[in-house]
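Here UniProt numbering is used: the first residue of the sequence shown is 1, the next is one more, and so on. Backbone N, C-alpha and C define an ideal beta-carbon position, used for all residues, glycine too. Nothing here was measured: the structure is a model prediction, and the numbers come from that model.
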Amino acid sequence: MADGDIEDFIGQNRHLADLVETFRAISESEKHWKSRREFIFRNINDYEDPHLDHLLALSMVWANHVFLGCRYNPALLEKVKEMAEGIVVEDAPVFKTRDEIIKQQQRR
């Protein structure tokens, strides 16, 4: 969904949008929440009650990976990346692994 698509979806599904807004963490920036909210909207039909908590956990895994550089089991990361396919995160941070940093320092 593009930005306009998300806004149209929210307008047409006000009750669902209000529910999803309750899932925002107090510490999430607008940029972080906007992306995680899109992740939730894209996948909510596959994780309705009683599996909504599972979707919320997956959304946090994806957001933590994108915004904080957290690493998880490769199979789990593959799953959330597939679920997030098409979500555009502007100015997403770029993280280097410890091995990449060491390799770069050894070249100096």
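Check, Outcome
"Less than 8 Å between the CB atoms is what I'm expecting for residue 35 and residue 87, so what's the real figure, rounded?", "6 Å"
"What are the start and end residues of the alpha helix (DSSP H) that includes residue 57?", "52-63"
"So residue 40 and residue 59 are supposed to be a Cβ contact under 8 Å. How far apart are they, rounded?", "5 Å"
"Starting from residue 18, follow the alpha helix (DSSP H) in both directions and report where the run begins and ends.", "14-21"
"Which same chain residues, not among the five before or five after residue 6, have their C-beta less than 6 Å away from its C-beta?", "38"
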